[in-house]
Structures are given as C-alpha cells and as structure tokens.
RNA sequence: GCCUCCCUAGCUCAGUGGUAGAGCGACGCACUUGUAAUGCGUAGGUCGUCAGUUCAAUCCUGACGGGGGGCUCCA
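Numbering (our numbering), first residue to last: -2 to 659.
This is how it looks when you write it as structure tokens:
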C-alpha cells in the first residue's frame, strides 16, 4: 500500500493512499469539509502526495455555507419525491439559510412545506452520502433532459458572480449523486459543490416560507416558486435564530404603531400613505425639533417649497425622462375641449414632487450668487410623493408619501473635501444622538457605462468622499460601480439593537443638476463658475427613520422621544389629588406627564404603563405623601422610593436633556 | 408590477352554505388596595367592497380595495 506525504492543519503526516480527508478528520465531528491546497473540497476527495489539507468546521462561515447548500439539496430531493414533475431551478446558501427555486405543477402551500420537511427529515436520517461526479456538457444535457432550467445553466457555465455559479461555477462540470444505503444513487443534481460528507451531517434545519421568485432574477423571466429554509450546526443555534425572528416580529414598527397608538394607514387614504396620531406626532416632532436645532447650529438655512409643480421643472431636472414611472401621474389643469371632445386648448401638467432638489436649485438661482455666500446649505423637511410599486410598500419604512430631511449644499470645488468631511462627522454624530452607535460606511463608485461627467470630476469627488470616510475610523465597504449616474455617494449603514443593518444617511455628489439648472456663482476673479452640489439626507425619510428607531428601541423610546415621559400612579384613589399636584409641577417643568385616574387597581396601572413603555412611573401612596415625596418605577422593573419631588423632577429633566436611555 | 397567503367587534383571533363568538379594550356599577391583569354587568359586527352561483353566501366563484411574505424596483 502506497504512502502519501501530506500536511494536515499545518502538520506533516504520512497516510496510506486509500485515506481521504473524511477518514483523517473522523475524530472531529465538527469538520464537514476541507480545503486542499487552498481550494474548498469535499471530505471524500482523493488525496495526492504533497497535498495541504485544512479541516473546515461546520460553524465557520464556509462550513455554514456548505451546510446550508447541502440542506438545499436535501430539500430539492424531498420536493421531487413529494411532488413528482417539479423542475429544479437553483438552490444556493444565503445569510442564515438557503433557498431552492422550483417550477412545480402547483405553487406550494404551508401544508406542502410540512410534507417536504418531513421528507427531508427522512433523507437526513438515511445518511445519504454526497458523491461528486465529473461529467461533460454533452452527457449532462442528456442526463438532465427533463430539467430545462438546469440545461439552461449548463450553457452559462462560465458565468461568474451570480447565484447560478453555485451550480455550475467550477472549472469542471459536476453532478452530485446522493447515495442510498445500498450505495446506489437515489437522487442527483447538477452542482459545483462541495457538500457535507452525508445528509446525516445536517444537525438542525427548518423550512421557513415559500414565495415567488423570477427565474434568474429577471422580471422578464417566468416566475418560479422559491422555498426558503434555515440550517444551523445545532438545535440550540436554530432555536436562537428562531427566537431572534420572534423578537424582530415583536418590535415590528407596524405592530408597535398600532399598539402604542403612533400612526395608521387608513384604507380610505390609500396604500402607503400614513397618518400620525398624537403620540406618534410627539415622537416625530421631538425628532424634527432636535434635527432642526442641530442643522441651525451647523449653518443650514431653512427653506420651504410647494408639493406640486408644473412639468417643466422636472423636465429641466431630467426626472421626467428617467423616473416618470415612479411619479404620480400629472394633474391636467385648465384644459379646454371642443364639443366633440378634441382639445381646444392644451392644459398645464402639474406633478406631485418626488424630490426637493429642483426647488432648491431654483432658490439658488433666484439671484446672482457670490463665492462669498458659499457653501450655501439649504435645508427643508420636504414631503415628497413617489408612486412606489404596490409590492414594495412596507409600513412606514417604504411609503408613497414621506418627508425627507433634505438638504443641498452648494459649494466650490475647493470647498468640497472639507464640506464632505464635516458633513460626514455631523451626520454620524447626529445619528448617535438618536441612539444609533454601530455603523459602517459604503462608498459607491462610478459605473463607466452609466454615468455623466468628466473623469477628473469623478476621481476628485470619489477621493474626497473616500478621504472623509477613512477619517471616521469606521469599516468602509466599496460598492464598485454602484453610484447613481450623476455622481458618487457615501451611505451610512447602521446596526440596530438586534443587529440588523439599515441604510440610513446618504451623501451624494451631483455633477448633473448644476449643469442642467445652469447654476453659477461669481468667483473672486469675477469669472462665473459652476458650484458643486451635494445632496444629503440624514434620516432619508423621517417616517422611515421613525420606523427604524421604533424597532431599534422596541417602542421603549428614550425619555426625550417618549410620547409620555412620566405617568402618575396613585396607590389608591385617595392619593390622586396629591399626585395631581406633583404632575402639575412636572408639567410646569416641561415634562410630558399623564395621570392614571382610572378605576383600575394600582397593579393594573403599573402593567398598563409597562405595556405603553412609559419611561418613568411616578407612584405615590401614604408613605410618599407624608414625606412630600414620590416613588419611581422604571421600565426595567427597578424602583426607587421616597424621592423628594424636586429631585424626581430633576432626574427626569436630566434624562430628557441628556437624551439618555433609561 | 409579478407569485402566494390573508381581510370576522377598537385590538388579537375562533367559527359556520340557513345572516356570528371569545379574550383584551370601551362604558357602567361595586370594591379602595404599595410595584405586570379585582369582580359583576352593558354596549359594540350590513363578517373589506361590488358582482355572480344558490331557495339561501360571512363561507363558493370573479373583479376591485387593503394588508402579510417574497421577487423585481428603490432618483
């Protein structure tokens, strides 16, 4: 028997030539796949002399991907066993799980998912081995003649980067056979691999939902049925993941919006159009007031513009050419008709504004501008209307009418780097004030095929953005070619309390609009120059930011944002008058208070206040009254008794002023 | 826009081809209580809208409106 000299996890070993990684790592159940000479391979791969083998744990990022990809295969096998005549699409791993696209006779329903899941459990229990087999394009086409989508993929073998590469992206065209107990293939799928050694290595999985999805991601293609699933190295990790989802559902802003009486979407108004109730109104106003104050401090000037405009403005800006399908259709005014219905006099078209920048440009252009005025920073809480496709609406975070905290900065080329730098610092600090602390930045650069402007302009602006970003000491992710056609941008991504990422602020350089609006300033040498224009929004939309904060805080807003900052709860009715006096003093001190004078027992009042997530419960009974004091109960259940009234007021005021969470 | 599921009281949800029920909430009465639900009672619904099938529709079918989950999109 021949011996091979190989390196395993950095240690030189001699093994006999029959040995494969699965034998070498047999002791360590965590190892489910390996790299051989740097390439990710099955544990069943044949070894050669000199190979460098490294075991990959199921819990590592690569291991998780393989686990999830293999689980997708098991699901596909189960689907075809339960629903014969189902054609296969693709089935890659994704964050936290996997999906597989199918073309079934009938779309799946929730009962089907249960059937599929139990078929999967059977396959997992059988411990089918995943066996790699190299094939040729010709043979594969014959073998997969019943799988039209797979055949389409074979032709795309060289395709890189898209999800289909999981199937056919490797150097060789390969098929994975699942071997039954007798060692014979029970199911096969065109796939690049690698896979777990066997289906028995899938510790914990669950099917989540089915959904429609366009074949290969294009709406021009037929729609397939996608099933999403999740898979984890242990049942505990699966449970933790499911708990996270349950937690996310509990803090869903749409649910909290109803529970806390913040806002609603009356059907009568229309899809994607919200009304804010008094309590939501308080939160929103607190958000706006603080933002306004900070912008004032930062040298912004406040402007206002109308909600509708004649078409010409959006012709100048170009929006009617590019985005008219995203705009509400025009109102036609003053049109006159002949008796036969033909047009006697053409009307004027007015549009709802989908953005504010053209208006701000008109303000800039309303008179001659001097270099001494720059940078000119125009700010507006501008309400815009966009005809979003019905399927994309999502509560208050993706609506058809919303208000941007929109500003446009006009500056000289020389001022741009400094302006971007201070702007980014301002943005991040403001977001921190609202309680978001975990950020990364994304720099979107030019797509040469779809962009306007000079190379030198792009380079200059992109470098200025990059420099500003680098200074923040935050992770910077490059979004190559992801810029809008008119200029590069930085976006701030923020992580919320349960680790979800939200795209927040954007800072965008625009080479297009100053030109289209012929914006100019008079430079110190009397020449006319074109200013640089920077678009920026911190919240993006106030409504969306409201929704994000609601989910981030799970409705338990910090005192400065809370609709009711303190609620008075008498131990019994006889203390209501005393507490009313305390509440009046608090109100006079600028605190938003409520007094619970209902018939409920004190315990019930505490419960209600707790469910309303009110930061301070101010409780008073005999002991407090005789001491001229109150007792606090906080949202976390802690309490503090016998606080003199003045101290109680000071404590609340301090929390509000310092915008701390309690 | 596309696929799919859903719409019953203010909220959360049961239920049936013969015009409906619970819990919470609201309102009333009694009770007067020190940190997450006191008891009793009352009111509240043309079962999203409009058509169709049927002797009969909240239930079946269709269209429309609104919503959920995805896909595509997101200036």
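Quick reminder that beta carbons are idealized off the backbone N, C-alpha and C, glycines included.
Which same chain residues end up closer than 7 Å to residue i when comparing Cβ atoms and leaving out the 5 residues on each side of it in sequence?
i	result
residue 344	329, 330, 331, 332
residue 656	430, 555, 557
residue 206	225
residue 19	40, 41, 194
residue 562	556, 588, 589, 590, 612, 613, 649, 653
residue 626	639, 640, 641, 642
residue 630	603, 614, 616, 636
residue 647	none
residue 16	44
Going by the CB atoms, is the gap between residue j and residue i shorter than 9 Å?
i	j	result
residue 543	residue 393	yes
residue 528	residue 359	no
residue 247	residue 551	yes
residue 680	residue 637	Because residue 680 is not part of the residues shown, which for the chain are -2 to 659, the question remains open.
residue 153	residue 187	no
residue 486	residue 504	yes
residue 407	residue 516	yes
residue 376	residue 403	yes
residue 32	residue 51	yes
residue 79	residue 99	no
residue 501	residue 473	no
residue 313	residue 514	yes
residue 564	residue 609	yes
residue 85	residue 38	no
If you follow the beta strand (DSSP E) that residue i is in, where does it begin and where does it stop?
i	result
residue 206	201 to 211
residue 439	435 to 441
residue 10	8 to 13
residue 532	529 to 534
With a threshold of 16 other CB atoms inside 10 Å of the CB of residue i, please say whether the residue is buried or exposed.
i	result
residue 649	buried
residue 670	With the chain covering only -2 through 659, there is no way to say anything about residue 670.
residue 175	buried
residue 575	buried
residue 520	exposed
residue 651	exposed
residue 7	exposed
residue 350	buried
residue 570	exposed
residue 299	exposed
residue 90	buried
residue 507	buried
residue 180	exposed
residue 660	Outside the shown range of the chain (-2 to 659) lies residue 660, about which nothing can therefore be said.
residue 103	exposed
residue 442	buried
residue 417	buried
residue 405	buried
residue 282	exposed
residue 340	exposed
residue 422	exposed
Ends of the alpha helix (DSSP H) at residue i?
i	result
residue 287	275 to 294
residue 550	539 to 550
residue 579	573 to 585
residue 121	107 to 123
residue 624	619 to 624
residue 557	Unbroken run through residue 557: none, as it is neither H nor E.
residue 60	58 to 79
Kindly list the residues whose CB is nearer than 6 Å to the CB of residue i, restricted to its own chain and excluding five residues on each side of it in sequence; keep chain order.
i	result
residue 235	201, 229
residue 262	271
residue 545	499
residue 352	381
residue 479	441
residue 219	212
residue 476	439, 441
Ordered along the chain, which non-local residues of its own chain (more than five positions away) have a Cβ less than 8 Å from that of residue i?
i	result
residue 400	378, 379, 380, 381, 538, 539, 540
residue 0	11, 12, 13, 14
residue 29	40, 53, 54, 55, 60, 63, 64, 193, 194, 198
residue 284	431, 536, 539, 542, 543, 546, 558
Inspect the CB distances between the segment 311 to 331 and the segment 375 to 386 and report whether three or more fall short of 8 Å. With a cut-off of 8 Å, the segment 375 to 386 and the segment 311 to 331 count as touching, because enough Cβ pairs lie within range.
With three or more beta-carbon pairs closer than 8 Å as the criterion, would you say the segment 178 to 197 touches the segment 110 to 130? By the C-beta criterion, the segment 178 to 197 is judged to be in contact with the segment 110 to 130, since at least 3 inter-stretch pairs fall below 8 Å.
Pairing CB atoms from the segment 56 to 71 with CB atoms from the segment 131 to 139, are three or more of them under 8 Å? Too few Cβ pairs lie closer than 8 Å, so no.
Counting pairs of beta carbons, one from the segment 92 to 100 and one from the segment 135 to 143, are three or more of them closer than 8 Å? Pairwise C-beta distances place the segment 92 to 100 out of contact with the segment 135 to 143, as fewer than three of them are shorter than 8 Å.
Touching or not, the segment 252 to 269 and the segment 111 to 120, by the rule of three or more beta carbon pairs under 8 Å? No, the segment 252 to 269 is not in contact with the segment 111 to 120.
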